[in-house]
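K.L.:
2 protein chains.
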Amino acid sequence: MGTAVAWPLSDNGHQVRLVGTHLDNEIIASCLEKGWHPRLRRQLPNNVRPYYVEQLAEALEGVNVIVSGVSSPGVRWIGRTLAPHVKPGMKIIAVTKGLEASAEGHLRILPDVLADELPPAVRGQVSLAAIGGPCIAGELAGRRQTCVYFTSRDAAALPVLRQLFKTPYYHISLSTDVVGVEVCVALKNAYTLAVGLAGGMLDRLGGPDAADAWNHNPAAALFGASAREMARLVSLLGGNPAMVTSLPGVGDQYVTCMGGRTVRLGRLLGKGMSYEEARAEMAGETLESALVVAQIARALPGLEARGLLGRDELPLMRCLCRVISGNAPVEVDFGRLFPDDVK
Amino acid sequence: MGTAVAWPLSDNGHQVRLVGTHLDNEIIASCLEKGWHPRLRRQLPNNVRPYYVEQLAEALEGVNVIVSGVSSPGVRWIGRTLAPHVKPGMKIIAVTKGLEASAEGHLRILPDVLADELPPAVRGQVSLAAIGGPCIAGELAGRRQTCVYFTSRDAAALPVLRQLFKTPYYHISLSTDVVGVEVCVALKNAYTLAVGLAGGMLDRLGGPDAADAWNHNPAAALFGASAREMARLVSLLGGNPAMVTSLPGVGDQYVTCMGGRTVRLGRLLGKGMSYEEARAEMAGETLESALVVAQIARALPGLEARGLLGRDELPLMRCLCRVISGNAPVEVDFGRLFPDDVK
């Protein structure tokens with residue numbers, strides 16, 4: 001995803017320096033030798049120069065904007081790694097999706113976690129922003145119509161960033177509701193895992209029956225419950241729940257449900273595998289969805305102790321927490337997902 | 344769908360009388376001769392007795408609850424047809440999804456339209472209810488886990504109805520927000536048409552490219568915009584927009600996007616066909632999605648004239664209205680679907 005934004009930037013005539021982490025050496029080598037990005041399966045666009053992580057200082061020389069595309073476990077690392085090079089006035093925009101639970105059970109959004117690692121003197125002089133919304137990297141690189149939100153507490157930075165990135169296929173809306181956007185995009189990974197369970201439950205039933213009944217009804221119930229719980233969590237953490245009925249919430253969850261590793265993990269779990277077994281089956285893949293669930297599982301006791309959340313709230317997330325953090329089998333109580341509003 | 348609820352009712356030991364309309368004579372003949380429902384491709388469950396429409400009086404003898412499963416253009420017909428047989432204390436629960444615009448531009452929900460056709464003397468002594476939420480008929484008949492809302496202004500009738508229908512696979516939540524549920528389930532047909540456009544736009548591009556980029560990003564943007572506009576319309580018509588972030592809104596839209604005639608119609612339109620051409624291509628199929636859009640197109644001028652809706656609101660619905668009611672080509676302005684919340 002970090003690489004995919006090179007397409008709109010390049011189309012706008014900007015110089016892009018693409019720096020791999022130490023895990024990306026093969027990708028960078030291919031980019032340098034053949035201009036070919038093996039994961040995206042595309043030639044890099046014009047104006048993109050690849051760098052190994054050891055060349056970071058050189059790559060960051062004179063840049064205006066840093067796009068951070070690490071996965072969520074890499075956020076503190078990227079903060080520490082950038083720290084010596086960050087200069088006042090720079091803008092950092094992140095595509096990483098996740099949440100971090102503190103020991104006391106506070107859930108924090110990742111731009112704030114990244115900021116922790118910057119030197120205090122420069123921290124207030126850098127604009128931190130994030131990108132949220134449904135965007136499959138390969139489709140952005142294929143110049144498909146894509147809508148996203150750019151979000152930052154620094155309202156003045158947002159139009160500047162949009163100007164750099166926007167193209168006739170990359171449509172950018174702006175919001176200062178960083179918590180709303182970031183909580184939505186983190187949760188959609190967790191809740192897509194829930195929707196994915198339905199596919200595994202169908203496997204367990206032996207697949208579609210003779211009359212071709214699949215398992216879309218339970219998947220849709222799980223999708224609806226996801227939206228409901230997402231709105232509750234966004235409100236609880238101080239964001240605007242209207243973000244859920246929009247691009248970063250159900251829009252992003254919709255695209256995530258269309259396939260990929262989160263759906264695959266959900267299917268394995270729904271089929272009856274324990275999380276440990278499923279993780280072994282998917283060894284080597286970063287399972288952002290499970291990481292988010294684990295962070296929420298850590299935060300739940302604190303949220304309850306502070307009286308912010310009732311014990312009967314978020315039944316679907318609690319089911320996911322038992323599966324991911326308790327290695328329990330999947331047991332969705334479909335009868336408890338939606339409340340009555342009459343006695 | 345009207346037939347599919349026979350499965351939970353039969354499983355609960357109730358006697359079910361299945362009455363076809365004049366369009367269903369072949370289905371009823373098959374049900375009578377072989378106990379086989381050709382559309383659902385299943386043997387009918389126990390306790391279900393099929394009737395032709397001419398036998399309606401006999402079929403309604405002594406019944407407690409009528410389930411109406413007609414399509415939206417049949418709602419006034421079913422009201423008139425039932426009128427002579429309806430007795431005080433009966434309950435009518437409808438699965439029909441749609442809206443009706445009055446000449447003055449008021450949008451009405453279908454249970455109210457059905458009530459219009461009942462004799463005034465009996466109207467107030469009958470409970471009218473509706474079922475909303477993601478439910479593919481063939482999956483309910485296949486006893487897949489299914490969650491729905493039963494809704495009625497008659498709060499006392501709701502637990503009674505639930506008791507009749509609920510099974511370990513058919514989970515029923517209750518709500519008196521009839522407008523919220525009914526507007527959601529009508530709009531999800533209209534907005535699924537919008538999501539379906541993305542598939543046709545991909546066809547127009549020649550399908551997935553060499554790097555296997557599909558068109559999920561635009562589909563997800565359209566899904567997110569749908570939720571946003573659905574919440575606006577539910578509020579405007581007096582329902583609770585929380586229904587959108589739940590089962591009747593995005594839950595039902597999710598399942599509708601998984602396939603079927605609405606997605607097919609959207610794809611034809613997205614590919615470049617006019618609505619007239621697409622309708623000819625799909626001759627013989629009831630296009631509920633287009634019917635809902637046409638009703639909203641009729642209502643928009645009145646809603647604006649009464650100051651309830653701004654001219655720049657609902658950009659996606661307005662696009663659909665131009666296509667369906669104006670026979671215009673599809674032109675989605677992706678850059679206008681989501682607002683900034685900063686200057």
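Protein chains in written order, with this note's numbering: chain A, 1 to 343; chain B, 344 to 686. Ideal Cβ placement from N, Cα and C applies to all residues, glycine included. Computed from a prediction, not measured in an experiment: that's the story for all the values here.
#1: CA-CA distance, Gly650 (chain B) and Leu579 (chain B)?
#2: For His365 (chain B), write down the residues that DSSP places opposite it in a beta bridge.
#3: Which bits of chain A does Glu482 (chain B) rub up against, with CB to CB less than 9 angstroms?
#4: Whole angstroms is fine: what's the gap from His14 (chain A)'s alpha carbon to Asp112 (chain A)'s?
#5: I need the straight-line Cα distance from Trp214 (chain A) to Ser632 (chain B), nearest angstrom please.
#6: I'd like to confirm something about Met273 (chain A): is its beta-carbon nearer than 8 angstroms to some heavy atom of the ligand HEM, or not?
#7: With a threshold of 9 angstroms between beta carbons, is Phe508 (chain B) in contact with chain A?
#8: Determine whether the Cβ of Arg451 (chain B) lies closer than 9 angstroms to any Cβ atom of chain A.
#9: Quick one: which unbroken beta strand (DSSP E) runs of 3-plus residues sit fully inside the region 103-147 of chain A? Chain order, please.
#10: Expressed to the nearest angstrom, what Euclidean distance is found between the alpha-carbon atoms of Asp24 (chain A) and Val526 (chain B)?
#11: Give the residues of chain E in contact with Met282 (chain A), contact being defined as C-beta atoms less than 7 angstroms apart.
#12: Of all the options A:Val122, A:Leu99, A:Glu313 and A:Ala101, which has the alpha carbon lying nearest to the alpha carbon of Lys91 (chain A)?
#13: Counting only Cβ pairs nearer than 9 angstroms, list the residues of chain B close to Thr278 (chain A).
#14: Taking 9 angstroms as the CB-CB limit, is Ala553 (chain B) close to chain A?
#15: Which residues in the same chain have their Cβ closer than 7 angstroms to the Cβ of Met201 (chain A), if we skip the five residues on either side of it in sequence?
#16: If you check the beta carbons only, do Leu164 (chain A) and Ser152 (chain A) fall under 9 angstroms apart?
#17: Our contact map puts Glu460 (chain B) next to Ala426 (chain B) with C-beta atoms below 8 angstroms; I'd like the distance itself, whole angstroms only.
#18: Would you tell me roughly how many angstroms separate the C-alpha atoms of Ile172 (chain A) and His365 (chain B), rounded to the nearest one?
#19: Would a check of beta-carbon distances place Tyr590 (chain B) closer than 9 angstroms to chain A?
#20: Check each residue of the region 470-497 of chain B: if its Cβ is closer than 8 angstroms to any Cβ of chain A, include it; give the result in chain order.
#21: According to DSSP, is Lys188 (chain A) part of a helix, a strand, or is it coil?
#22: Quick one: grab the DSSP three-state call for Pro393 (chain B).
#23: Whose Cβ in chain A lies nearer than 9 angstroms to the Cβ of Leu366 (chain B)?
#24: For Gly609 (chain B), which of B:Thr588, B:Pro672, B:Leu540 and B:Val587 has the nearest alpha-carbon?
#25: State the Cα-Cα distance for the pair Asp555 (chain B) and Ala623 (chain B), rounded to the nearest angstrom.
#26: Considering Cα atoms alone, identify which of A:Pro134, A:Ser325, A:Gly35 and A:Gly249 is closest to Tyr191 (chain A).
#27: At a Cβ threshold of 9 angstroms, is Val587 (chain B) touching chain A?
#28: Measure the CB-CB distance between Gly260 (chain A) and Val330 (chain A) and report whether it falls below 9 angstroms.
#29: Could you check where the alpha helix (DSSP H) with Ala648 (chain B) kicks off and where it finishes?
#30: So, is Arg385 (chain B) buried or exposed, given that buried needs 16 or more other C-beta atoms within 10 angstroms?
#31: For Leu158 (chain A), collect the residues of the same chain with a Cβ closer than 6 angstroms to its Cβ; drop the 5 residues on either side in sequence, then sort them by chain order.
P.N.:
Concretely, from the data shown:
#1: On the second sequence, position 307 is the one that residue 650 (chain B) refers to. On the second sequence, position 236 is the one that residue 579 (chain B) refers to. Cα to Cα, Gly650 (chain B) sits roughly 11 angstroms from Leu579 (chain B).
#2: Residue mapping note: residue 365 (chain B) aligns to position 22 of the second sequence, counting from 1. DSSP lists no partner for His365 (chain B).
#3: As a first step, residue 482 (chain B) must be located in the second sequence, where it is residue number 139. Against Glu482 (chain B), the close residues of chain A are Ala213, Trp214, Asn215, His216, Asn217 and Pro218, in the order they occur along the chain (beta-carbon pairs closer than 9 angstroms).
#4: Counted from its first residue, the first sequence places residue 14 (chain A) at position 14. Counted from its first residue, the first sequence places residue 112 (chain A) at position 112. Taking the straight line joining both Cα atoms gives about 28 angstroms.
#5: Your numbering for residue 214 (chain A) matches position 214 in the first sequence. Your numbering for residue 632 (chain B) matches position 289 in the second sequence. Answer to the nearest angstrom: the Cα atoms are 23 angstroms apart.
#6: Looking for the ligand HEM in the displayed structure turns up nothing, as the structure carries no ligands at all.
#7: Position 165 of the second sequence, counted from the first residue, corresponds to residue 508 (chain B). For Phe508 (chain B), not one C-beta of chain A is nearer than 9 angstroms to its own C-beta.
#8: Position 108 of the second sequence, counting from 1, holds the residue named residue 451 (chain B). Output row for Arg451 (chain B): interface = no.
#9: If we require 3 residues or more, the beta strand (DSSP E) runs fully inside the region 103-147 of chain A come out as 107-109 and 127-132.
#10: For the purposes of this step, residue 24 (chain A) is taken as the residue at position 24 of the first sequence. For the purposes of this step, residue 526 (chain B) is taken as the residue at position 183 of the second sequence. In a straight line, the C-alpha of Asp24 (chain A) is about 50 angstroms away from that of Val526 (chain B).
#11: Any reference to chain E falls outside this structure, whose protein chains are A and B.
#12: If you number the first sequence from 1, residue 91 (chain A) lands on position 91. Among A:Val122, A:Leu99, A:Glu313 and A:Ala101, the Cα nearest to that of Lys91 (chain A) is on A:Val122.
#13: For the purposes of this step, residue 278 (chain A) is identified with residue 278 of the first sequence, where counting begins at 1. Here residue 278 (chain A) turns out to be Ala, not Thr, going by the sequence shown. Chain-order list of chain B residues neighbouring Ala278 (chain A): empty, with the shortest C-beta distance near 21 angstroms, by a criterion of under 9 angstroms.
#14: To locate residue 553 (chain B), count along the second sequence from 1; it is residue 210. Using beta-carbon distances, Ala553 (chain B) counts as an interface residue toward chain A, with a partner under 9 angstroms.
#15: As a working mapping, residue 201 (chain A) is identified with position 201 in the first sequence. Spatial neighbours of Met201 (chain A) in its own chain (CB-CB distance under 7 angstroms, excluding positions within 5 residues in sequence) are listed in chain order as Asn215, Pro218 and Gly270.
#16: On the first sequence, residue 164 (chain A) is found 164 positions in, with the first residue counted as 1. On the first sequence, residue 152 (chain A) is found 152 positions in, with the first residue counted as 1. No, Cβ-Cβ distance for Leu164 (chain A) and Ser152 (chain A) is not below 9 angstroms.
#17: Walking along the second sequence from the start, residue 460 (chain B) turns up at place 117. Walking along the second sequence from the start, residue 426 (chain B) turns up at place 83. Right, the Cβ-Cβ distance comes to about 6 angstroms (below 8 angstroms), so this counts as a contact.
#18: Walking along the first sequence from the start, residue 172 (chain A) turns up at place 172. Walking along the second sequence from the start, residue 365 (chain B) turns up at place 22. Rounded to the nearest angstrom, the two C-alpha atoms are 52 angstroms apart.
#19: Along the second sequence, one-based indexing puts residue 590 (chain B) at 247. Here residue 590 (chain B) turns out to be Leu, not Tyr, going by the sequence shown. Yes - at least one Cβ of chain A is within 9 angstroms of the one on Leu590 (chain B).
#20: Those residues of the region 470-497 of chain B that come within reach of chain A (Cβ to Cβ, closer than 8 angstroms) are Gly476, Pro477, Cys478, Ile479, Gly481, Glu482, Leu483, Ala484, Gly485, Arg487, Gln488, Thr489, Cys490 and Tyr492.
#21: Here residue 188 (chain A) refers to the residue found at position 188 of the first sequence. Judged by DSSP in its simplified three-state form, Lys188 (chain A) adopts helix.
#22: In the second sequence, the residue the question calls residue 393 (chain B) occupies position 50. Here Pro393 (chain B) carries a strand assignment [DSSP, helix/strand/coil].
#23: Counting from 1 along the second sequence, the entry for residue 366 (chain B) is found at position 23. Near Leu366 (chain B) there are no residues of chain A at all, since even the closest Cβ is about 22 angstroms away, more than 9 angstroms.
#24: For this step, residue 609 (chain B) is matched to residue 266 along the second sequence. Taking only the C-alpha atoms, the option nearest Gly609 (chain B) is B:Leu540.
#25: Residue numbering aside, residue 555 (chain B) sits at position 212 when the second sequence is read from its first letter. Residue numbering aside, residue 623 (chain B) sits at position 280 when the second sequence is read from its first letter. Their Cα atoms are separated by approximately 32 angstroms.
#26: Stepping through the first sequence from its first residue, residue 191 (chain A) is reached at position 191. Selected option, being the one with the closest Cα: A:Gly249.
#27: Counting from one through the second sequence, the residue named residue 587 (chain B) turns up at place 244. Proximity of Val587 (chain B) to chain A, defined by a Cβ-Cβ separation below 9 angstroms, is satisfied.
#28: Start at 1 with the first residue of the first sequence, and residue 260 (chain A) comes out as number 260. Start at 1 with the first residue of the first sequence, and residue 330 (chain A) comes out as number 330. Contact: no.
#29: Translated into positions along the second sequence, residue 648 (chain B) becomes position 305. DSSP places Ala648 (chain B) in the uninterrupted alpha helix (DSSP H) bounded by Glu631 to Ala648.
#30: For the purposes of this step, residue 385 (chain B) is taken as residue 42 along the second sequence, with counting starting at 1. Only buried fits Arg385 (chain B), as 16 or more other CB atoms lie within 10 angstroms of its CB.
#31: Locating residue 158 (chain A) in the first sequence gives position 158, where the first residue counts as 1. If we look at Leu158 (chain A) and ignore the five residues flanking it on each side, its Cβ neighbours are Phe150, Ser152 and Leu174.
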